[in-house]
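All letters in the sequence shown, in the order written, are residues 0 to 268 by numbering that gives the first Met the number 0.
No residue lacks a Cβ here, since even glycine has one placed at the ideal position from N, Cα and C.
Taking it in order: structure first as structure tokens, then the write-up.
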Amino acid sequence: MQNRIMITGAGSGLGREIALRWAREGWRVALADVNEAGLRETLELVRAAGGDGFFQRCDVRDYSQLTAMAQACTEQLGGIDVIVNNAGVASGGFFAELSLEDWDWQIAVNLMGVVKGCKAFLPLLERSKGRIINIASMAALMQGPGMSNYNVAKAGVLALSESLLVELRQLEVAVHVVCPSFFQTNLLDSFRGPNPAMKAQVGKLLEGSPISASDIADYMHQQVAAGEFLILPHEAGREAWALKRQAPERLYEEMAEMAVKMRARGHSK
């Protein structure tokens, strides 16, 4: 194993913490993001943590930038062993309020960005018998109200990961999908939605989270090593997923009540 990892969305938040977690094991890290200043900072932290690597600006909506990143990994690291498709954007708003542009943007980054990352790097991963780690969300499993475009994009990431799990087994490329709940991150910087009240509500959820991006990176590292496919870092997320499998109707009732409260709060502002 050559210990080379590529991470999208590595300029901040969870992407940065994943880079640092693997760097502590001495891995060489290829960092991709649209935020170059953030990438520069992450690389310095990676080196301080005992790793090394390089960064390259990369917008996951543009397939040619991802293939250029794969090329850079070949030239600078001699290949790649693990990719983490982590780049993502936040979104919210009730379905009736969301524009088709909101849908296009969300699907382009959060779903097609992952599809393109897998496609661009698969030839390298086949060669190294490596692994794909896709970052989805509990939204892929729970579909909370007021974020249908985000739910659909993240559910797509889960379905893609399941598809790749079975298709790539024969090629000896491992696949994992991570579904964090809300956690303390700067995801809100990219928030796009028709209703400012919704952004404030999501912000409260993020701030109230008992788990940090660093905790999630630790849990991921441990579960990937254990060969776990579906990685649910939050205790509450694991409980909610168990409830949905046992009694989906009960969960839909709770979600519908939540939607009523969200509407009342949204319109009172």
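Check the DSSP bridge columns for residue i and list the partner residues they point to.
| i | result |
| --- | --- |
| G52 | V28 |
| R293 | An answer regarding residue 293 cannot be provided, because it is not within the stretch 0 to 268 covered by the chain. |
| I230 | V177 |
| G91 | Answer is none; G91 lacks a bridge partner. |
Do residue i and residue j have their CB atoms nearer than 8 Å?
| i | j | result |
| --- | --- | --- |
| G129 | G8 | no |
| H175 | I210 | no |
| P179 | M111 | no |
| G14 | N85 | yes |
| A173 | R20 | no |
| V177 | M219 | yes |
| A119 | A69 | yes |
| G50 | G10 | no |
| R60 | A107 | yes |
| I90 | D101 | It should be noted that the sequence gives Ser, not Ile, for residue 90. Yes. Within cutoff. |
| L170 | V114 | no |
| W240 | L140 | yes |
| I79 | L44 | no |
Taking the alpha helix (DSSP H) that residue i belongs to, which residues open and close that run?
| i | result |
| --- | --- |
| M141 | A138 to M141 |
| L157 | S147 to L167 |
| I17 | G12 to A22 |
| C117 | M111 to S127 |
| I210 | I210 -> no alpha helix (DSSP H), and no H or E assigned at all. |
| D101 | L99 to Q105 |
| V45 | E35 to A47 |
| L76 | Y62 to L76 |
What residue from the options has the CA that sits closest to residue i's CA?
| i | options | result |
| --- | --- | --- |
| C57 | L76, N34, T41 and E43 | N34 |
| Q1 | W26, I131, F228 and I230 | W26 |
| A212 | R262, A18 and G112 | A18 |
| L97 | M146, Q142 and D51 | M146 |
| A29 | R39, T41 and G52 | G52 |
| N150 | R126, V113 and Q105 | Q105 |
| R126 | V81, K260 and T66 | V81 |
| C72 | I132, E24, P122 and E256 | P122 |
| I4 | A235, V83, M261 and D101 | V83 |
| A31 | A47, T66, R46 and S162 | T66 |
| F94 | A47, I131 and P144 | P144 |
| L157 | Q75, F228 and L99 | F228 |
| I131 | C117, Q142 and L140 | C117 |
| N133 | G78, E100, G155 and R60 | G155 |
| Q142 | E238, K243 and A22 | K243 |
| L76 | D101, F54, W240 and Y251 | F54 |
| N148 | L124, G92 and L140 | G92 |
| D214 | A139, A225 and L231 | L231 |
| T41 | E16, S162 and M261 | E16 |
| E24 | A47, G12 and R39 | A47 |
Go to residue i, then tell me how far its beta strand (DSSP E) extends in each direction, as first and last residue.
| i | result |
| --- | --- |
| F131 | Checking the displayed sequence, the identity of residue 131 turns out to be Ile instead of Phe. Looking at the DSSP string, the run of the beta strand (DSSP E) that includes I131 is R130 to I134. |
| I82 | V81 to N84 |
Closer than 7 Å: is that where the CB of residue i sits relative to any heavy atom of the ligand GDP?
| i | result |
| --- | --- |
| A135 | This structure lacks the ligand GDP, and indeed carries no ligand of any kind. |
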